[in-house]
Amino acid sequence: MNNYSFFADDGSYGLRIDKFVSDNIEELSRSAACNLLEKGNVLVNGKTVSKNYRLKNGDNIEVAVPPPVEYEVKAENIPLDIVYEDDDLLVVNKPKGMVVHPAPGHYEGTLVNALMYHCRGSLSGINGILRPGIVHRIDRDTSGLLIVAKNDSSHKILAEQIKEHSFTREYEAVIVGCPKEDSGTIDAPIGRHPVDRKKMTVTDKNSRNAVTHYEVISKFKGYSHIRCRLETGRTHQIRVHMAYIGHPISGDEIYGLKREKLNFSGQCLHAKKIGFLHPSTGEYMEFDSKLPDYFSDYLKKLENISN
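Numbering-wise (this note's numbering), the sequence shown opens with residue 2 and increments by one.
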């Protein structure tokens, strides 16, 4: 059992207890925090409270988080858009809305569940039972190309390419506003947000270097269609960097604007191109995916309001 203790200060006044708990304990989602509250694992001033309790200054919050339950990933017959496959790896085109690997609140319907069925257990085990084969990941609401390793040897070689920045990764996105320059480089370190531990931010404290190159493909009224090339691969890198320069990804519910001129659910971000040296042959391989319908339809909508 992991025990946590917090005191509510001015910045927490009026905040719901379930949000406070999930914001301050990195591994807990909002739903997981609610579950702990229902089970009596969260005490405020020594008493249990409901999930909609709002904090007061000086409240003493105690949280007891039980150890994680061992979970066996189930193979599920979920259709996959496989761009390439051989004995060492797969390149998969992930749809928007699909979670890459099982995590609290998402133990079924993930890409890993689908891979377990398709590959019949032939996946690398370096990242443990919840992330077999996963060399790198993209967010749930980001669509596009991912490489999956079928064995540990391939996984190590591919991971080393990512570490050395020799791995090609290009994205396309719709951002709010139009940058002053049609192309540029954002070189700003990224680390955990000091208050909201589920968010990343540009910071010099406990951070890692992060570099994103971008160029504008087309401009619309209040929006731009851009291409981004990653030099590094930090969590939420493109989303954090574009928000940092004042042009967040359209629809981004974490780093974006609270209100936009157009309603778009989940960030408009697509991992369009991926390139790497094949772990067995050493041959450079590159794959490009067309923009998915949700992205193309959004561009048409932007064209219509701009004309």
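By construction, the Cβ of each residue, glycine as well, lies at the ideal position given by its N, Cα and C atoms.
Unbroken alpha helix (DSSP H) run spanning residue i, endpoints
i	result
residue 302	294-307
residue 114	112-120
Buried/exposed call for residue i, threshold 16 Cβ in 10 Å
i	result
residue 282	exposed
residue 140	buried
residue 256	buried
residue 242	buried
residue 56	buried
residue 145	buried
residue 216	exposed
residue 253	buried
residue 12	exposed
residue 298	exposed
residue 2	exposed
residue 237	buried
residue 134	buried
residue 173	buried
residue 187	buried
Three-state secondary structure (DSSP) of residue i
i	result
residue 66	strand
residue 138	coil
residue 220	strand
residue 39	helix
residue 94	strand
residue 12	helix
residue 239	helix
residue 124	coil
residue 156	helix
residue 215	strand
residue 163	helix
residue 108	coil
residue 230	strand
residue 260	coil
residue 32	helix
residue 5	strand
Endpoints, beta strand (DSSP E) assigned at residue i
i	result
residue 18	Note, residue 18: premise wrong, no beta strand (DSSP E); alpha helix (DSSP H) at 18-25.
residue 191	191-193
residue 101	Run containing residue 101: none; DSSP gives neither H nor E here.
residue 175	169-177
residue 146	144-150
residue 184	184-188
residue 277	270-278
residue 256	Where residue 256 is concerned, there is no enclosing beta strand (DSSP E), given that its DSSP letter is neither H nor E.
residue 86	83-86
residue 203	201-203
residue 284	Neither: residue 284 is in no beta strand (DSSP E) and is coded neither H nor E.
Sub-9 Å separation of residue i and residue j beta-carbons
i	j	result
residue 260	residue 250	no
residue 19	residue 35	yes
residue 170	residue 192	no
residue 131	residue 93	no
residue 221	residue 303	yes
residue 52	residue 39	yes
residue 50	residue 4	no
Segment contact flag, the stretch 106-126 with the stretch 141-155, C-beta cutoff 8 Å, min 3 pairs: At 8 Å Cβ cutoff, the stretches touch.
Contact between the stretch 13-27 and the stretch 197-214 (3+ Cβ pairs under 8 Å): The stretch 13-27, when compared against the stretch 197-214, does touch it at the 8 Å Cβ threshold.
Cβ contact (3+ pairs, closer than 8 Å) linking the stretch 177-187 and the stretch 109-123: Touching, no.
Cβ contact (3+ pairs, closer than 8 Å) linking the stretch 158-168 and the stretch 182-191: Touching, no.
The stretch 276-294 in contact with the stretch 221-241 per 3-pair CB rule at 8 Å: With a cut-off of 8 Å, the stretch 221-241 and the stretch 276-294 do not count as touching, because too few Cβ pairs lie within range.
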